[in-house]
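Asker:
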Amino acid sequence: MTTGSPTIARRVLGTSLRNHRESRRITRTTAGAAIGYAHQTIQRIEEGTQATREHQVRGLCQLYGVPEDEIAELCRYAKEGAKRGWWESYKEGMPPEFRAFAETEAEIAAMHTVELEHVPGIIQTDGYLRAAQTAALPFPEEKLRAVRRLRQLRQERLFRRDPLPELHIVLGQSALLYLRRLGDVGDEQLRRIRDVAALPTADVRVAVELHPAMACSFTILTPGPPLPGAPFVFIDAVHGGRYEEGRDVVSLYERTFAAAHEMAIPVEEYIHGW
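Counting in full-length UniProt numbering, the sequence shown runs from 1 upward without gaps.
Pasting the structure below:
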């Protein structure tokens, strides 16, 4: 199986190797020593933060007793993980921890997002993004341009798909109230939100009361073909985002989203009440 995503290929490979190592109760130090590398290298391989050579994969698989047909598949992931991602030319606009999100985003089956303060990046207009950049702490203009270009590419890659993935968004009231102070920029962004809400696979709602997702904004991505893997959560923060992939943790976020989504009202209903 191929993923079409170097970052995802590295993550799938790393997870598989970690599972095999742990099932044999082998430490990273022992695994590294067996193939002539430090335990830090094994950690980076398992976390998918570096490309993995075929001889490393084969050496670890032999140590773990992995069947030959699975070794061949893992070697294909290693080869794919060494390729350049589509975002390489725009990496100035993307923190390293966001790369797996961006690559998965283009191939998802579903995206469920709670965004309490901002309009989610995947449906932001250029004018809104520029206004948000102006309000944020200052960064070099070159980096800001890279962020804008990358945002445009992400949107193009997602919304050109046919059929579109399931896109369910819960907005905090603040995200919409701020638009009132942005004049024409806010009006344009509101039209974009309504256009997305009208798509057959989309549902945009507004939280108008206390709800279970008030602690933080987050996005649940469910990979679709050709990407393997289970849903994961991305939680954004000022100092950078983080992933949650444990089944119990992801299930908690899924239940939290479902409850918040159920309590929220459709964006059109909210707008008509302004």
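The beta carbon of each residue, even a glycine, is placed where N, CA and C say it ideally should be.
Please read these numbers as outputs of a predicted model, since none were measured by experiment.
Across the region 199 to 214 and the region 239 to 250, are there enough close Cβ pairs to call them in contact, namely three or more that are closer than 8 Å?
Answerer: Contact fails: fewer than three Cβ-Cβ distances are below 8 Å.
Asker: In the structure shown, what three-state DSSP assignment does residue 233 receive?
Answerer: Three-state DSSP puts residue 233 in a strand.
Asker: Leaving out five residues before and five after residue 180 in sequence, what residues of the same chain have Cβ atoms less than 8 Å from its Cβ?
Answerer: Excluding sequence neighbours, residue 180 sits near 186.
Asker: Would DSSP call residue 71 helix, strand or coil?
Answerer: Here residue 71 sits in helix by DSSP.
Asker: Identify, in the order they occur along the chain, each residue of the same chain with its Cβ nearer than 8 Å to the Cβ of residue 58, setting aside the five sequence neighbours on each side.
Answerer: So the qualifying residues of the chain are 71, 75.
Asker: Using a Cβ-Cβ cut-off of 6 Å (strictly less than) and excluding sequence neighbours within five positions of residue 213, which residues of its own chain qualify?
Answerer: The answer, listed in chain order, is 114, 256, 260.
Asker: In three-state DSSP terms, what is residue 164?
Answerer: Three-state result, residue 164: coil.
Asker: Only counting the same chain, and skipping five residues up and downstream in sequence, which positions put a Cβ closer than 7 Å to that of residue 81?
Answerer: Cβ neighbours of residue 81 beyond the five flanking positions: 6, 9, 10, 13, 51, 52.
Asker: Using CA coordinates, which residue listed in 128, 234, 32 is at the minimum distance from residue 183?
Answerer: When only C-alpha atoms are compared, the closest one is 128.
Asker: Have a look at 140, 159, 24, 207 and flag the residue whose alpha-carbon is nearest the alpha-carbon of residue 121.
Answerer: For residue 121, the nearest C-alpha among the options comes from 159.
Asker: So for residue 172, helix, strand or coil by DSSP?
Answerer: If DSSP states are grouped into helix, strand and coil, residue 172 belongs with the strands.
Asker: Could I get the ranges of all uninterrupted beta strand (DSSP E) runs contained in the region 183 to 211, with 3 residues as the minimum, in chain order?
Answerer: Segments of the beta strand (DSSP E) lying fully in the region 183 to 211: 202 to 207.
Asker: Taking 9 Å as the threshold (C-beta atoms), are residue 116 and residue 216 in contact?
Answerer: A contact, by the Cβ cut-off of 9 Å.
Asker: Applying the 10 Å Cβ sphere with the 16-neighbour rule, what's the burial state of residue 165?
Answerer: Classification of residue 165: buried, given that the 10 Å Cβ count is 16 or more.
Asker: May I have a chain-ordered list of the alpha helix (DSSP H) segments no shorter than 4 residues that lie completely inside the UniProt domain "HTH cro/C1-type" (17 to 71)?
Answerer: Runs of the alpha helix (DSSP H) inside the UniProt domain "HTH cro/C1-type" (17 to 71): 28 to 35, 39 to 47, 54 to 64.
Asker: Could you have a look at residue 257 and say whether DSSP puts it in helix, strand or coil?
Answerer: Looking at residue 257 - three-state DSSP - the assignment turns out to be helix.
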